[in-house]
Amino acid sequence: MKISTITGIRKKRIQSFCFFLFRMAAAINGLALAVIIYFMVINGWKAITWTFLTQPPLDSMTRGGILPCIIGTLCLCIGAMAFAFPIGVFSGIYINEYARPGKLLRIIRLGISNLAGVPSVVFGLFGLAFFVTYLEMGVSILAGALTLGAMSLPVIIGSTEEALKSVPDTYREASLALGATKLQTIFRVVVPTAMPGILTGGILGISRAAGETAPIMFTAAVFFSPKLPQSIFDEIMALPYHIYVLATAGTEIETTRPLQYGTSLVLIALVLGMNLTAIILRARLRKKMRQI
Numbered sequence: 028m029k030i031s032t033i034t035g036i037r038k039k040r041i042q043s044f045c046f047f048l049f050r051m052a053a054a055i056n057g058l059a060l061a062v063i064i065y066f067m068v069i070n071g072w073k074a075i076t077w078t079f080l081t082q083p084p085l086d087s088m089t090r091g092g093i094l095p096c097i098i099g100t101l102c103l104c105i106g107a108m109a110f111a112f113p114i115g116v117f118s119g120i121y122i123n124e125y126a127r128p129g130k131l132l133r134i135i136r137l138g139i140s141n142l143a144g145v146p147s148v149v150f151g152l153f154g155l156a157f158f159v160t161y162l163e164m165g166v167s168i169l170a171g172a173l174t175l176g177a178m179s180l181p182v183i184i185g186s187t188e189e190a191l192k193s194v195p196d197t198y199r200e201a202s203l204a205l206g207a208t209k210l211q212t213i214f215r216v217v218v219p220t221a222m223p224g225i226l227t228g229g230i231l232g233i234s235r236a237a238g239e240t241a242p243i244m245f246t247a248a249v250f251f252s253p254k255l256p257q258s259i260f261d262e263i264m265a266l267p268y269h270i271y272v273l274a275t276a277g278t279e280i281e282t283t284r285p286l287q288y289g290t291s292l293v294l295i296a297l298v299l300g301m302n303l304t305a306i307i308l309r310a311r312l313r314k315k316m317r318q319i
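Residue numbers (this note's numbering): 28 to 319.
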């Protein structure tokens with residue numbers, strides 16, 4: 028047998044083995060998600076009622092619902108994305124399209140990478156010191172949304188940069204050859220082409236912002252507030268912090284056990300719903316780009 032044939036067979040075996048490992052990793056992740064969702068559904072579906080979804084907590088949070096928590100979580104997610112998404116996208120555009128290669132760019136990328144690895148509780152302490160205390164925003168939706176937005180920035184910047192890198196240079200060259208300026212080329216050709224990838228960063232940012240407890244417990248969330256927020260400077264209840272309170276600091280932890288699982292199930296459904304909406308939008312953009 029020729030050496031080239033043996034080498035080819037060896038490469039195919041290595042490739043098949045690597046693909047097998049990838050499939051196993053994906054299967055394990057999918058199985059873990061299925062087990063978690065199954066566990067939450069089995070323990071929490073009885074708590075999901077119309078009253079549970081439309082009323083505030085009652086009797087030391089042993090009865091009633093979680094409407095203020097749902098509204099608070101949505102406000103924080105929307106506020107965080109309104110702050111982080113445009114800043115993250117523009118930062119990614121600058122890094123990929125305008126910044127010159129060199130020491131400064133390497134330092135910026137290193138800072139973004141390090142920022143992505145900072146624990147969420149550190150972001151919470153930063154939000155408490157800067158937004159709540161120094162800027163005198165108090166414990167409020169605005170302070171919590173800005174803190175969550177700062178935490179989501181590295182993910183959005185990184186995904187934006189990678190999405191822009193995936194756009195072929197021939198697109199830029201063709202646009203410039205037709206007389207378009209660099210700014211027109213970026214915002215009319217490059218960014219629309221990269222938008223599905225950019226939205227992936229937004230999806231990951233929403234997921235992280237919706238499920239965090241440490242940042243909002245210092246900046247936005249309170250133990251109990253039956254009223255819905257009236258402005259961005261109001262304090263709120265939020266689903267992650269409400270789960271923490273029910274499970275660790277409630278007056279009757281065992282009594283509220285079904286409410287804990289029910290709240291967790293609602294949070295999972297809320298995150299999946301927001302992700303699904305963003306994924307559908309991304310799929311439509313991809314389909315539109317392929318038709319063009």
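Here a beta-carbon is modelled for each residue, glycine too, at the ideal position from N, C-alpha and C.
These figures come from a predicted structure and were not determined experimentally.
Item                                                                                                                                                        : Value
Taking C-beta to C-beta, are I93 and G289 nearer than 9 Å?                                                                                                  : yes
Between I213 and I120, is the Cβ-Cβ spacing less than 9 Å?                                                                                                  : yes
Please classify E262 as buried or exposed, where buried requires at least 16 neighbouring CB atoms within 10 angstroms.                                     : buried
To which residues of the same chain is Q264 closer than 6 Å at the C-beta, ignoring the five residues directly before and after it?                         : Checking the sequence, you will find Met at residue 264 rather than Gln. So the qualifying residues of the chain are P95, C96, G99, S252.
Would you say A107 and A236 are within 9 Å of each other, going by their C-beta atoms?                                                                      : yes
Taking the alpha carbon of I168 as the reference point, which residue from A52, F110, I75 has its own alpha carbon closest?                                 : F110
Have a look at the DSSP bridge pairing and note the partners of L48.                                                                                        : According to DSSP, L48 bridges with nothing at all.
For G300, does the count of other Cβ atoms within 10 angstroms reach 16, so buried, or fall short, so exposed?                                              : exposed
In three-state DSSP terms, what is P242?                                                                                                                    : helix
Tell me, please, whether the stretch 283-297 touches the stretch 120-134 by the rule of three or more beta-carbon pairs shorter than 8 Å.                   : no
Do V159 and T246 count as a contact pair if the criterion is CB distance below 9 Å?                                                                         : yes
Short of 6 Å in beta carbon distance, which residues of its chain neighbour L294, apart from the five on each side in sequence? Order them along the chain. : L266
Helix, strand or coil for G91? Go by DSSP, reduced to three states.                                                                                         : strand
My output table needs one value for L297: the three-state DSSP class, helix, strand or coil.                                                                : helix
Using 9 Å as the threshold, is the C-beta distance between G228 and S186 below it?                                                                          : yes
Looking at C-alpha atoms only, which residue of F260, K130, C102, R90 is the closest neighbour of M164?                                                     : F260
Cα-Cα, which of L162, S118, G206 is closest to I225?                                                                                                        : S118
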